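Q:
Chains as they are written, first to last, in my numbering: chain A, 1 to 316; chain B, 1001 to 1485.
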């Protein structure tokens, strides 16, 4: 912000020397104000983000073992992390979750937003709120609630399936935990993404729809051929959000682990692995390495995705 | 810079307009105006803003530094204000009363107690404090299975130089071995978990089953119950039962681990042997036949099944009845009784223990001698133990109370006034000889759970699972810099 102002003002006053000097003094003063405004944020930013990050990195290039103490090992931990079957398996798992969960959330969000955008009655307002409600429930509470719903003895599934003479599937077994977690996340986040899509749809100029109708387009065609392409940039944003969230998958499996310990090992996702390494196995150094390695991978994935979709997201 | 890209992007996607440049222009014009005309006024405002910020920063740092202010954070009230205080972390039930009893009877020292969470919650706080080299309490309650984890980190004092051996004769041999390593004593025992066989007498009677004395009889009873049309199963094999599995293996003669704090870089791991294979195969056989379930323990489903007749018996330590009594949805006509644990060889019975905890003195303790005194004395009187037994349902390791007729003849209303201590748990506690755990026991437990889950699910044979578990643990130990015997 300050640099823009400085360059702009020095550019248009470069002709007269005394005036320029006066201006420069003013610029410097102005810069001071700029720093004063940025200062509080900068202190919090440096104190609560930069310093902890540097410290974590510092930890990650050391090795402390229970038996031999602490020593600098530079990138050895990283080499170990990228060859660690638990970390790699965890990464593979969150990539699988991304492949299923993100499309699921996107489809639900877009379908709901398109329908709501076409309706204009009281029901649309009501439905909008109801679809958004799961997002307003804290993730931990939502996961606990689903934990009870999935429970074979207390959940409704047993009695519902019982009505048809069937036995309910065990939602918390090792085979079905994947689907159970996908369901929780989709339930929780689709409403939030729906609001983003809906807001983007509302900002489209309605003249375009009129023009399309004159050309003979049906409502469905307008949705598919006009609305969707025009909100592609919001969809890109949603996918980036969901991608980052899913690669850092933590809360839902951690909460559900209380009721499904053998289906969800403590190192189920990379984030959970970092957590258990630090706080159960006392490996703060290796935990920092895992956290950093995960951060780098999330960065690469997000960057790659934004690069590949540069045409749709308008960031060219 | 994805973050910058993203923020631009959010602005576009949500508002449809890019807010960035407009905001900058606005900022520029406003700044030049304020600069020309109102700089003095601005200065005052800035000073005020800085003041507010400084207060905020102070408040923030005040929060993070809260761990060191110990005196004001006691859960209990201090009786003798002038006496030196010893900080204690513990999560025993009814511990408040024990602390009050201690403080009322001591003028030289006062206990300042706080509950830092149960089990892993407390351990992770303790680990963080060890890492930070500050913030640990003087005396800490630890389960015996994690003592080597913390002695290996040099976080616990060896209490032999503070007179620990003077009170050795007060405790059972097994309890003392659990807190010792080599010649060192790293904690003072508090409670134990002698294992028994709790069973539903009403179900056993209804289907004409007698209480099994051996594991073979247990398997026969399981089959009989199934054949007689019992809707549940005789019992549950807990794949995630951490100390439970260690106890079952120990009963068959397995010594899984060895560790001696006098050579803290050496560990012994022997989870793949004839005894462990025998035990795991026995349970796997019952599971695959459907005679025993393999549900995760300590889940709400497991508790519900336990109290509502899903399982006809429960292999558990003395504290297990406390869980059963606290659970809702129990059968109204359920009749629970306790019996000694079934044996592999009825002629040479082996008694085992599941759980148990003790008080250790941390190396961060300010006054170590005084802290050791607290560790020795807080559960070192009959009065304290009466509170622990009656209000906290703890099982004592402290000899004078363990061997008293008061404790032996206590009748438990939950077991239809059966004298369970005398009949089952006291003999088990006295026959228990102690275990050794690993300095990375939490990791070993997590790996053990995964291995046994794979067995129960049928993806690994018991022998394969144990061989793999052995390899995993040995590799981990080597990676952590230990020499594996």
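Don't be surprised by glycine CBs; every beta carbon is placed ideally from N, CA and C.
This structure is a prediction, so every number in the text was calculated from the model and none was measured.
With a CB to CB cut of under 7 Å and the five nearest residues on each side skipped, what residues in its chain are close to residue 309 (chain A)?
A: To locate residue 309 (chain A), count along the first chain from 1; it is residue 309. Cβ within range, chain order: 236.
Q: Is the segment 1123 to 1136 of chain B close to the segment 1416 to 1424 of chain B, with three or more CB pairs under 8 Å?
A: No, the segment 1123 to 1136 of chain B is not in contact with the segment 1416 to 1424 of chain B.
Q: Classify residue 1033 (chain B): buried if its beta carbon has 16 or more other beta carbons within 10 angstroms, exposed otherwise.
A: For the purposes of this step, residue 1033 (chain B) is identified with residue 33 of the second chain, where counting begins at 1. Residue confidence is low: residue 1033 (chain B) scores 37 on pLDDT, short of 50, so the model does not pin down where it sits. No coordinate-derived value is stated.
Q: Residue 1058 (chain B) to residue 39 (chain A), Cα distance in whole Å?
A: The residue given as residue 1058 (chain B) occupies position 58 in the second chain. The residue given as residue 39 (chain A) occupies position 39 in the first chain. In this predicted model, residue 1058 (chain B) has a pLDDT of only 42, less than 50, meaning its place in the structure is not dependable; the value taken from the coordinates is given anyway. Residue 1058 (chain B) and residue 39 (chain A): Cα-Cα distance of roughly 16 Å.
Q: Counting C-beta neighbours from all protein chains within 10 Å, is the total for residue 1095 (chain B) 16 or more, i.e. buried, or is it exposed?
A: The sequence position of residue 1095 (chain B) within the second chain is 95, counting from 1. It is buried - the Cβ of residue 1095 (chain B) has at least 16 other Cβ atoms within 10 Å.
Q: If residue 1089 (chain B) sits next to residue 1130 (chain B), beta carbons under 8 Å apart, how far is it from one beta carbon to the other, in whole angstroms?
A: In the second chain, the residue the question calls residue 1089 (chain B) occupies position 89. In the second chain, the residue the question calls residue 1130 (chain B) occupies position 130. Not confirmed; about 13 Å, so no contact.
Q: Taking three-plus beta-carbon pairs below 8 Å as touching, is the segment 1186 to 1206 of chain B in contact with the segment 1329 to 1347 of chain B?
A: The segment 1186 to 1206 of chain B, when compared against the segment 1329 to 1347 of chain B, does touch it at the 8 Å Cβ threshold.
Q: Looking at the structure shown, is residue 1141 (chain B) part of a helix, part of a strand, or coil, going by DSSP?
A: Here the question's residue 1141 (chain B) lines up with position 141 in the second chain. Residue state, collapsed to three classes: strand.
Q: For the alpha helix (DSSP H) holding residue 1124 (chain B), just list the boundary residues, first then last.
A: Stepping through the second chain from its first residue, residue 1124 (chain B) is reached at position 124. Start and end: 1120 to 1132.
Q: What number of angstroms, rounded off, separates the C-alpha of residue 1295 (chain B) from the C-alpha of residue 1239 (chain B)?
A: Along the second chain, read from residue 1 onward, the residue named residue 1295 (chain B) stands at position 295. Along the second chain, read from residue 1 onward, the residue named residue 1239 (chain B) stands at position 239. One C-alpha to the other measures close to 7 Å.
Q: Can you name the start and end residues of the alpha helix (DSSP H) that residue 1150 (chain B) belongs to?
A: The residue given as residue 1150 (chain B) occupies position 150 in the second chain. Taken as a continuous stretch (DSSP letters only), the alpha helix (DSSP H) holding residue 1150 (chain B) covers 1147 to 1152.
Q: Would you mind reading off the limits of the beta strand (DSSP E) that contains residue 1353 (chain B)?
A: In the second chain, residue 1353 (chain B) corresponds to position 353, counting from 1. Where residue 1353 (chain B) is concerned, the enclosing beta strand (DSSP E) stretches over 1353 to 1361.
Q: Residues in the same chain with beta-carbon distance under 6 Å from residue 1355 (chain B), minus the five sequence neighbours each way, listed in chain order, please.
A: Here the question's residue 1355 (chain B) lines up with position 355 in the second chain. So the list reads 1193, 1243 and 1317, once near-sequence residues are dropped.
Q: Taking Cβ positions only, does residue 1182 (chain B) come closer than 8 Å to chain A?
A: Taking the second chain and counting its residues from 1, the one referred to as residue 1182 (chain B) is at position 182. No, no contact with chain A.
Q: State yes or no: is the beta carbon of residue 1101 (chain B) nearer than 8 Å to at least one beta carbon in chain A?
A: Stepping through the second chain from its first residue, residue 1101 (chain B) is reached at position 101. With 8 Å as the cut-off, residue 1101 (chain B) does not count as an interface residue toward chain A.
Q: With residue 288 (chain A) as the anchor, note down where its alpha helix (DSSP H) starts and where it stops.
A: The sequence position of residue 288 (chain A) within the first chain is 288, counting from 1. Its alpha helix (DSSP H) spans residues 284 to 308.
Q: Give me the chain A residues within the contact set of residue 1304 (chain B), using Cβ-Cβ distance strictly less than 8 Å, ordered along the chain.
A: Stepping through the second chain from its first residue, residue 1304 (chain B) is reached at position 304. Correct list: 153 and 154.
Q: Considering Cα atoms alone, identify which of B:1293, B:1339 and B:1324 is closest to residue 1214 (chain B).
A: Translated into the one-based positions of the second chain, residue 1214 (chain B) becomes position 214. Checking every option, the nearest Cα to that of residue 1214 (chain B) belongs to B:1339.
Q: From residue 1035 (chain B) to residue 37 (chain A), what distance separates their C-alpha atoms?
A: Indexing the second chain from 1 puts residue 1035 (chain B) at position 35. Indexing the first chain from 1 puts residue 37 (chain A) at position 37. With a pLDDT of only 38 at residue 1035 (chain B), under 50, the local geometry of the prediction cannot be trusted, and the value read off the model is given with reservation. Straight-line Cα distance between these residues: approximately 14 Å.
Q: Along the chain, where does the alpha helix (DSSP H) containing residue 213 (chain A) start, and where does it finish?
A: Against the first chain, residue 213 (chain A) aligns to sequence position 213. Start and end: 207 to 214.
Q: Looking at the unbroken beta strand (DSSP E) that takes in residue 62 (chain A), where does it start and where does it end?
A: In the first chain, the residue the question calls residue 62 (chain A) occupies position 62. Start and end: 62 to 65.
Q: Indicate the three-state DSSP secondary structure (helix, strand or coil) for residue 1327 (chain B) in the structure shown.
A: To locate residue 1327 (chain B), count along the second chain from 1; it is residue 327. Coil.
Q: In three-state DSSP terms, what is residue 1227 (chain B)?
A: Taking the first residue of the second chain as position 1, residue 1227 (chain B) is located at position 227. Reduced to three states, the DSSP call for residue 1227 (chain B) is helix.
Q: With three or more C-beta pairs closer than 8 Å as the rule, is the segment 106 to 123 of chain A touching the segment 201 to 219 of chain A?
A: Judged by Cβ distances under 8 Å, the segment 201 to 219 of chain A makes contact with the segment 106 to 123 of chain A, as three or more pairs qualify.
Q: Excluding sequence positions up to five away, which residues of its chain have a Cβ less than 7 Å from the Cβ of residue 246 (chain A)?
A: For the purposes of this step, residue 246 (chain A) is taken as the residue at position 246 of the first chain. Answer for residue 246 (chain A): 94, 97, 98, 101 and 102, listed in chain order.
Q: Counting only beta-carbon separations shorter than 8 Å, does residue 145 (chain A) have a partner in chain B?
A: By 1-based counting over the first chain, the position of residue 145 (chain A) is 145. So no, residue 145 (chain A) is outside the interface.
Q: Does any C-beta atom of chain A lie closer than 8 Å to the C-beta of residue 1301 (chain B)?
A: Taking the second chain and counting its residues from 1, one reaches residue 1301 (chain B) at position 301. Yes, contact with chain A.
Q: Can you list the residues of chain B that residue 265 (chain A) reaches, using a CB-CB cut of under 8 Å?
A: Reading the first chain from its first residue, position 265 is the one you call residue 265 (chain A). Those are 1446, 1449 and 1450, listed as they occur along chain B.
Q: Could you pull the DSSP bridge partners for residue 1189 (chain B) from this structure?
A: By 1-based counting over the second chain, the position of residue 1189 (chain B) is 189. Looking at the DSSP assignment, residue 1189 (chain B) forms a beta bridge with B:1358.
Q: Is there a Cβ of chain B sitting closer than 8 Å to that of residue 65 (chain A), yes or no?
A: Residue 65 (chain A) sits at position 65 when you count from the first residue of the first chain. Chain B, which has a Cβ nearer than 8 Å to the Cβ of residue 65 (chain A), makes this yes.
Q: Can you tell me whether residue 1485 (chain B) is buried or exposed, with buried defined as 16 or more other CB within 10 angstroms of its CB?
A: Here residue 1485 (chain B) refers to the residue found at position 485 when the second chain is read from its first residue. Classification of residue 1485 (chain B): exposed, given that the 10 Å Cβ count is below 16.
Q: Taking the alpha helix (DSSP H) that residue 1254 (chain B) falls in, what are its first and last residues?
A: As a position in the second chain, residue 1254 (chain B) is number 254, starting the count at 1. Counting along the chain, residue 1254 (chain B) falls outside any alpha helix (DSSP H), and DSSP gives it neither H nor E.
Q: Just list the residues that DSSP pairs residue 1112 (chain B) with in beta bridges.
A: Position 112 of the second chain, counted from the first residue, corresponds to residue 1112 (chain B). Looking at the DSSP assignment, residue 1112 (chain B) forms a beta bridge with B:1087.
Q: What's the call for residue 1319 (chain B), buried or exposed, on a 16-neighbour Cβ count within 10 Å?
A: Here the question's residue 1319 (chain B) lines up with position 319 in the second chain. So residue 1319 (chain B) ends up on the buried side.
Q: Enumerate in chain order the residues of its own chain whose CB-to-CB distance from residue 1078 (chain B) is below 6 Å, with the five nearest sequence positions on each side excluded.
A: Translated into positions along the second chain, residue 1078 (chain B) becomes position 78. Once the five neighbours on either side are set aside, the close Cβ partners of residue 1078 (chain B) are 1110.
Q: Could you round the C-beta distance between residue 1222 (chain B) and residue 1271 (chain B) to whole angstroms and report it? I think they count as a contact, below 8 Å.
A: Along the second chain, read from residue 1 onward, the residue named residue 1222 (chain B) stands at position 222. Along the second chain, read from residue 1 onward, the residue named residue 1271 (chain B) stands at position 271. Not quite, the Cβ-Cβ distance comes to about 26 Å (not below 8 Å), so this is no contact.
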